[in-house]
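From first to last, the protein sequence lines are chains A and B. Counted the way our numbering counts, the first sequence spans residues 62 to 219. Counted the way our numbering counts, the second sequence spans residues 117 to 627. All residues carry an ideal CB built from backbone N, CA and C; glycine is no exception. The model shown is predicted, which means the values in this text are computed figures rather than measured ones.
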Amino acid sequence: MPSFEARERAVVESAIQRHGHEPGPLIVVLHAVQDALGYIPPAAIPEIANGLNLSRAEVHGVVSFYHYFRTEPHGRRVVQVCRAEACQARGGAALEAHAQRRLGVGFDETTADGAVTLEAVYCLGNCATGPAMRVDGRLHSHVTPERFDALTGPEGRA
Amino acid sequence: MATRIYVPKDATARSLGADEVAVALAHHLGAAVEIVRTGTRGMLWLEPLVEVDTPAGRVGYGPVGAADVPGLAAAGFLKGGAHPLAIGLVAEHPFLKNQQRLTFARVGIVDPASVADFVAHGGYQGLERALAMKPAEIVQAVTDSGLRGRGGAAFPTGIKWKTVLDQAAPQKYVTCNADEGDSGTFADRMLMEGDPLTLIEGMTIAGLAVGATQGYIYCRVEYPEAIEALNTAIAAARAAGYLGASVRGSGRRFELAVRVGAGAYICGEETSMLESLEGRRGEVRVRPPLPAIKGLFGAPTIVNNVISLATVPVILAKGAEHYKHYGVGRSLGTIPLQLAGNLKRGGLVERAFGLSLREVLEDYGGGSASGRPLKAVQIGGPLGAYVPAAQFDTPLDYESLAAIGALLGHGGIVAFDDTVDMAKMARYAFEFCAIESCGKCTPCRIGSSRGVNVIDDLLAGREPERQRELLAALCETMIQGSLCGLGGMAPFPVQSALKHFPEDFAPRGRH
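Structural data, given as structure tokens:
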């Protein structure tokens, strides 16, 4: 089995090879890397800059601008809770508080055991049946605190 | 012969269990049924809504859970049999029957992945017309229809296209803004998931109209279901000869690709979206030059919202006169309104401009989901004003809303019951602006954070009169001094909350 670094490098090289020729390719490449690794390793930034003929500052600037790009590995599960108005109108604030209390972390943090990463999102387009959240990509409606516990499972216990 | 049944594949329907229902139906009924995954009709409180083809039309059952399937089968639902979940003929449901669906005519009805189904339901008639027209004639038809940008800015679409058409350039682009970040809006998502070929058709027509050979759909990463539906539909359109080097054998090229955003509300602003499409930080550009003159990669570029582009096919197919026959004053055509937040019947209502807010909230929405009185609605996303119950008789069109200091935006309507704390909502408006500010201009970057502090001070009772003055001045500075609508409009919800609900801003104890 190749070392993690070698795998990282292979992912980055493959992403550049596949998308580097497209116009304005940086964000497309970053998506490919994060899709494969779950995050953008800081060590990948000079590699990407080199591959796309950009400065490291340009790549870092883009990675840090967009909320979606992570620079650290995420937990085994990723829980994204919507904080936007339509969900607030259906009890979203109580869900936000519950999620943080239950997991024992704030937004954009991962539990100490690496089980769950909690993220805030601003609208999932699921605004008529809120509060909404995604768990490992899967969208849910009417998320009460009880449903939050059921959906995040035993790993979601602080 | 197998009975055809329809189960939505829409993200909201799936969030309520539609996939499990589809599996249960296949498991229990096997070869007796052919399951077609569609978009949603937009009656979201009934999802998952299962529809059955009967000689009388499609009969609906909803909301269906996987556990309901054996009972439905026993009740003979494949023949439209009676069952507590039956809603009768779907098209006759008052929520749908009383709509005027032009842009959303096929959503929830067709298989979004099938070109053949699209064409069988009137799809690509607009493109066929456009292929027989001169570019200037296509632009004129869009201008004559009165269509204004449905993303929120309401700029006349035909005028924008004319500007791009008039530029002599070797490369032009058509870009679709599918960065639908406003809370309370999901019309773009519903259309992209339920009838993506209509958007593809609209963009192809736009390309023919202005001489652009490449299109990009900039879709937000929060919409993975829509991205998948778009990619599937683009591949199907290409395979059927509707995209590529020679659209329908016309010798005219149009290519289309989806680009995925990365979680930045500001990228819904058109110049910021162009920066992002070019692979950069989504910082807004100073205008002029307009994107129509110097847009993507410096080339003349159409930037239109999903709904604007998806409305072009019906305008070309049925004529500008037919389209502008709907609506009032300078708000012509139809608007897809999205009923969100605390409403009993949330969903999508496409109607001609001019119906009243009360009609939407009560007749369609059925009042609050909680059963408590509605206190306020926010229209047009996080930068839209809060409208109090006393103004619920306002007609929903661009001019009537402007007259009460509100805006229609992208047509999202978020309802709040009387438990809402308007000071908290005002604070959130600033907080959201601070989180999403691109940082390029000071009024937005600093003003939004200061706004949070000032509201905190006001509520804590620290020199409340001074904080009120400060807040008023801060709002004015942001409105006047910001580069784009994020900082320039974030004060609207704050000012409207202060104006209509001053009692909510009284100093309180620790909070």
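Item                                                                                                                       : Value
Residue of B:Cys591, B:Leu490, B:Val465, B:Val430 minimising C-alpha distance to Val254 of chain B                         : The residue you asked about is not Val; residue 254 of chain B is Ile in the sequence shown. Out of B:Cys591, B:Leu490, B:Val465, B:Val430, B:Val430 has the C-alpha closest to the C-alpha of Ile254 of chain B.
Cα-Cα separation, Cys600 of chain B to Val206 of chain B                                                                   : 43 Å
Cβ separation of His80 of chain A and Val90 of chain A, assumed to be a contact under 8 Å, to the nearest whole Å          : 5 Å
Own chain partners of Tyr442 of chain B with C-beta closer than 8 Å, once the 5 adjacent residues on each side are dropped : Gln216, Leu218, Leu448, Gly449, Thr450, Ala468, Phe469
Under the three-state DSSP convention, the category Gln583 of chain B falls into                                           : helix
Span separating the alpha-carbon of Leu162 of chain B from that of Glu208 of chain B                                       : 15 Å
Pro498 of chain B at chain A interface by Cβ criterion, 8 Å                                                                : yes
Other residues of its chain near Glu83 of chain A: CB distance less than 8 Å, five sequence neighbours each side excluded  : Val89
Reference Val570 of chain B, options B:Arg561, B:Leu587, B:Cys557, B:Tyr502, closest by Cα                                 : B:Leu587
8 Å Cβ cutoff, Arg162 of chain A in contact with chain B                                                                   : no
Sub-8 Å separation of Ala539 of chain B and Ala522 of chain B beta-carbons                                                 : no
Distance between beta carbons of Ala456 of chain B and Ala147 of chain A, contact taken as under 8 Å                       : 4 Å
Assigned secondary structure, Pro251 of chain B (DSSP; H/G/I helix, E/B strand, else coil)                                 : helix
Beta carbon proximity, Thr190 of chain A to chain B, threshold 8 Å                                                         : yes
Extent of the continuous alpha helix (DSSP H) run through His92 of chain A                                                 : 87-98
Cα-Cα separation, Asn293 of chain B to Gln141 of chain A                                                                   : 24 Å
With 16 other Cβ atoms within 10 Å as the buried cut-off, status of Ile316 of chain B                                      : buried
Minimum Cβ-Cβ distance from Glu338 of chain B to chain A less than 8 Å                                                     : yes
Asn347 of chain B: first and last residue of the uninterrupted beta strand (DSSP E) it sits in                             : Here Asn347 of chain B belongs to no beta strand (DSSP E); instead the alpha helix (DSSP H) covers 340-355.
Identified DSSP bridge partners for Phe220 of chain B                                                                      : Paired residues: none, contrary to the question.
Nearest residue (CA-CA) to Tyr544 of chain B, options A:Pro206, A:Ala158, A:Ala145                                         : A:Ala145
Residue from B:Cys560, B:Glu296, B:Thr427 with nearest C-alpha to Gly262 of chain B                                        : B:Thr427
Supposed close pair Thr156 of chain B, Gly310 of chain B - CB separation, criterion 8 Å                                    : 6 Å
Chain A contacts made by the region 428-454 of chain B, where a contact means CB separation under 9 Å                      : Gln454
Outcome for His143 of chain B when other beta-carbon atoms lying within 10 angstroms are tallied against a minimum of 16   : exposed
Sequence-distant residues of its chain with Cβ nearer than 7 Å to Pro63 of chain A (five each side left out)               : Only weak support exists for where Pro63 of chain A lies, its pLDDT of 47 falling under 50; the value from the coordinates is given anyway. Cβ within range, chain order: n/a, list empty.
Residues from the region 610-621 of chain B in contact with chain C, defined by Cβ distance under 8 Å                      : The structure shown contains no chain C; its protein chains are A and B.
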